[in-house]
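Engineer: A single structure is presented below for examination.
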């Protein structure tokens, strides 16, 4: 009995040691791994559309060309939109500066009315438009870093799409065990299902918010719609981050009541789509604990940077399914889960007894 326990402890320690080494290697090689994962992320999103085109008789090379053209047009429009928005922002700095000075003076008067002391120099620094431009510059640098790998990502997308047509045949040849094939298909189905639903709900969020902001006359409304679409892929905090710039801009452009209205709009749309519609459409859900979703966001963000936040759910889903496929690691899969597997095991035990 003691020997068995020692063997189990030893195997767990070996698994943990191997995991640490692998993760350390991923972090060191993140500059190489991130473009590949980004390409894989895009392929998973567009693969169902490519399959649909091929089912309608469109040749494989033509469906690939259509998808690549769509990606290039989207990136081109995004770059153009950001460039125009930054230029317009630069032109409107005097207007924003004037508004910020008014808010600063109102805040000073309010603080004096209640007998509070505020350092005017610190307040001037806080309401400095140049600092806002600095934040814009940092955001653009992060975006340009991703685009700098654009050619590598596009080439990787092409090769993954080409390889995907014969990948299933290779898998059937290598993994002759039906159980292994079942888990591989489960990974593929869950990822495709998650990415398809997430893409539709993210696009809906972006379109509704962008349209509502445009009707309200908020500056750069279309840009905020695209930002809402893209950041909606990041679980938990993505929607919150996407809401901050338009709320602040509305406060500067119009005032506090309008800013509160925009805040309520973001809360309502994200709650309706993210908490009501998406879970229902997603069906039985991701099978991941809410805590694990949040921790995976932090962890993969630390390992892979901003791209890791986008990919945290797909990566964790794959790991969970792989762990569930092996009896020795199934307990880890249950810990990562949302309790459904545990309840099914208990029901099975009761039925057997």
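In the numbering used here, the protein residues as written are 9 to 361. Every residue, glycine too, gets a C-beta built ideally from N, C-alpha and C.
Just verifying my parser: in three-state terms, what is the DSSP assignment at residue 6?
Structural biologist: Because residue 6 is not part of the residues shown, which for the chain are 9 to 361, the question remains open.
Engineer: Can you list, in chain order, the residues of its chain whose CB lies under 6 Å from that of residue 328, leaving out five sequence neighbours each side?
Structural biologist: 341, 344
Engineer: Alpha carbons only, please: which of 55, 251, 48 is nearest the one belonging to residue 226?
Structural biologist: 251
Engineer: Starting from residue 334, trace the alpha helix (DSSP H) in both directions and tell me its first and last residue.
Structural biologist: Premise fails: residue 334 is in no alpha helix (DSSP H) and is neither H nor E.
Engineer: Please classify residue 43: is it buried, with 16 or more other beta-carbons within 10 angstroms of its beta-carbon, or exposed?
Structural biologist: buried
Engineer: I'd like to know whether the C-beta of residue 238 is nearer than 9 Å to at least one C-beta of chain C.
Structural biologist: No chain C appears in the structure shown, which is made up of a single protein chain.
Engineer: Runs of 4 residues minimum, wholly inside the stretch 194-277: which ones carry the alpha helix (DSSP H) assignment?
Structural biologist: 229-239, 246-261
Engineer: If you draw a straight line from the C-alpha of residue 298 to the C-alpha of residue 120, how long is it?
Structural biologist: 46 Å
Engineer: Between residue 267 and the rest of its own chain, which residues show a CB-CB distance below 7 Å, the 5 nearest in sequence each way excluded?
Structural biologist: 255, 258, 259
Engineer: Which two residues bound the contiguous alpha helix (DSSP H) that contains residue 40?
Structural biologist: 38-63
Engineer: Please say whether residue 228 and residue 98 have beta carbons closer to each other than 9 Å?
Structural biologist: no
Engineer: Report back the beta-carbon spacing between residue 318 and residue 244 to the nearest angstrom; my notes put them in contact at under 8 Å.
Structural biologist: With a Cβ gap of about 13 Å, residue 318 and residue 244 do not count as contacting.
Engineer: Short check: CB of residue 162 to CB of residue 47, under 9 Å?
Structural biologist: yes
Engineer: Around the Cβ of residue 242, are there at least 16 other Cβ atoms within 10 angstroms (buried) or fewer (exposed)?
Structural biologist: buried
Engineer: Excluding five sequence neighbours on each side, which residues of the same chain lie with their C-beta closer than 8 Å to the C-beta of residue 41?
Structural biologist: Excluding positions up to five away in sequence, the list reads 34, 312.
Engineer: Between which two residues does the alpha helix (DSSP H) carrying residue 93 extend?
Structural biologist: 68-99
Engineer: How long is the line joining the alpha carbons of residue 58 and residue 113, rounded to whole angstroms?
Structural biologist: 57 Å
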